[in-house]
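So the sequence shown is numbered by full-length UniProt numbering: it starts at 1 and just counts up by one. Glycine included, C-beta positions come from ideal geometry on N, C-alpha and C.
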Amino acid sequence: MDDTRQRLVNTAGQIFAEKGFDLTTVREICTAAEANIAAVHYHFGDKLRLYVEVVRLASCDQGEPPTFAWSEQTPPEDRLRDFVRHMLTLMIDNDRPTWQIDLMMREMGRPSVATQEVVESYIRPMFEGLIDIVGRFLPPDATPMQKQLQAFSIIAQCLLYRYHRPIGRLLVGEEQYQRFFDLDLLTEHVVRFSAAGLRAFPGARQESPA
1 MDDTRQRLVN
11 TAGQIFAEKG
21 FDLTTVREIC
31 TAAEANIAAV
41 HYHFGDKLRL
51 YVEVVRLASC
61 DQGEPPTFAW
71 SEQTPPEDRL
81 RDFVRHMLTL
91 MIDNDRPTWQ
101 IDLMMREMGR
111 PSVATQEVVE
121 SYIRPMFEGL
131 IDIVGRFLPP
141 DATPMQKQLQ
151 AFSIIAQCLL
161 YRYHRPIGRL
171 LVGEEQYQRF
181 FDLDLLTEHV
191 VRFSAAGLRA
201 FPGARQESPA
């Protein structure tokens, strides 16, 4: 990403997270980013498109949903493991600035048009992929709502390690909490816990297809 463009995104993110979209001005962003007032128009078009770019970054939007090297014979547990590992890789990245968490907490409370756009372009395809995985565990007559409930529970386990950090540290202490941030450990925990729950669903398929 161009240095000026990157600087605008990071600076705008910090200000948007603190003040919200409506109270933030383009001039304020450009001044803080040490950029020309016309830079936002040049790189993004307007403040809203800049905000969309900021929300994409904060929500871990990778541009395109991931593709996995699965065949029809790939067991549900392996599919679930790949999905969870991908999601946790984004969630436990300790190098991501805190303003991204602050901004997304704001967006979760009052989703803007920017979040709606990210949902349709990135999050919904991811969610539908997880629904397909869940459906491979559940009985064929499982309802859409039943699949959605299971998928939300899996997603919540992953999101916890991004948005629950301050509370987690208070509950178990900084040193213990940091031990959780092991990708292999968390992936296996979430997969084991989730697969057991899915297998316990009445009529669930108990064995992976050969």
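* Asked: DSSP three-state call for Ser71: helix, strand or coil?
  -> Against the sequence shown, residue 71 aligns to sequence position 71. Under the three-state reduction of DSSP output, Ser71 falls in the coil class, being neither helix nor strand.
* To do: Measure the alpha-carbon distance for Val40 versus Asp102 and round it to whole angstroms.
  => Working through the sequence shown from its first residue, we reach residue 40 at position 40. Working through the sequence shown from its first residue, we reach residue 102 at position 102. Approximately 22 Å, taken between the alpha carbons.
* Asked: Does DSSP put Asp141 in a helix, a strand or coil?
  -> For the purposes of this step, residue 141 is taken as the residue at position 141 of the sequence shown. In the three-state DSSP reduction, Asp141 falls in the coil class, being neither helix nor strand.
* To do: Assign Met145 to one of two classes, buried (16 or more other C-beta atoms within 10 Å of its C-beta) or exposed (fewer than that).
  => Indexing the sequence shown from 1 puts residue 145 at position 145. When all chains shown are included, Met145 counts as exposed.
* Asked: Do Gly129 and Lys147 come within 7 Å of each other at the CB atom, strictly closer than that value?
  -> Position 147 of the sequence shown, counted from the first residue, corresponds to residue 147. Position 129 of the sequence shown, counted from the first residue, corresponds to residue 129. Going by C-beta atoms, Lys147 is not nearer than 7 Å to Gly129.
* To do: Using a threshold of 7 Å, state whether the C-beta atoms of Gly13 and Val54 are closer than that.
  => For the purposes of this step, residue 13 is taken as the residue at position 13 of the sequence shown. For the purposes of this step, residue 54 is taken as the residue at position 54 of the sequence shown. Yes.
* To do: Please report the residue range of the alpha helix (DSSP H) in which Tyr177 lies.
  => In the sequence shown, counting from the first residue as 1, residue 177 sits at position 177. Per DSSP, Tyr177 belongs to the alpha helix (DSSP H) from Glu174 to Arg179.
* Would you report the Cα separation of Lys47 and Arg169, rounded to the nearest angstrom? -> Within the sequence shown, numbered from 1, the residue matching residue 47 stands at position 47. Within the sequence shown, numbered from 1, the residue matching residue 169 stands at position 169. Their Cα atoms are separated by approximately 36 Å.
* **With 16 other Cβ atoms within 10 Å as the buried cut-off, status of Tyr42** => Working through the sequence shown from its first residue, we reach residue 42 at position 42. The residue is exposed, with fewer than 16 neighbouring Cβ atoms inside 10 Å.
* Just the Cα atoms here: how many angstroms apart are Pro140 and Tyr51? -> By one-based count along the sequence shown, residue 140 stands at place 140. By one-based count along the sequence shown, residue 51 stands at place 51. Distance between the alpha carbons of Pro140 and Tyr51: 42 Å.
* Which term fits Pro209, buried or exposed, when burial requires 16 or more other beta carbons within 10 angstroms of its beta carbon? -> Counted from its first residue, the sequence shown places residue 209 at position 209. Confidence is the limiting factor: at Pro209 the pLDDT is only 46, short of 50, which leaves the residue's position unreliable, though a coordinate-based value still follows. Exposed, because fewer than 16 other Cβ atoms sit within 10 Å of the Cβ of Pro209.
* To do: In angstroms with no decimal places, state the Cα-to-Cα distance between Ile167 and Phe127.
  => For the purposes of this step, residue 167 is taken as residue 167 along the sequence shown, with counting starting at 1. For the purposes of this step, residue 127 is taken as residue 127 along the sequence shown, with counting starting at 1. Their Cα atoms are separated by approximately 26 Å.
* Asked: When the Cα atoms are used, what is the spatial distance from His189 to Met108?
  -> On the sequence shown, position 189 is the one that residue 189 refers to. On the sequence shown, position 108 is the one that residue 108 refers to. Distance between the alpha carbons of His189 and Met108 is about 26 Å.
* Asked: Can you find at least 3 beta carbon pairs, one from the segment 88 to 97 and one from the segment 148 to 156, that sit closer than 8 Å?
  -> Short answer: they don't touch.
* **Continuous alpha helix (DSSP H) stretch holding Met15: start and end** => One-based indexing of the sequence shown puts residue 15 at position 15. Note on residue identity: the sequence assigns Ile, not Met, to residue 15. Asp3 to Lys19 is the extent of the alpha helix (DSSP H) around Ile15.
* So, helix, strand or coil for Ala200, using DSSP? -> Position 200 of the sequence shown, counted from the first residue, corresponds to residue 200. DSSP, read as helix, strand or coil, puts Ala200 in coil.
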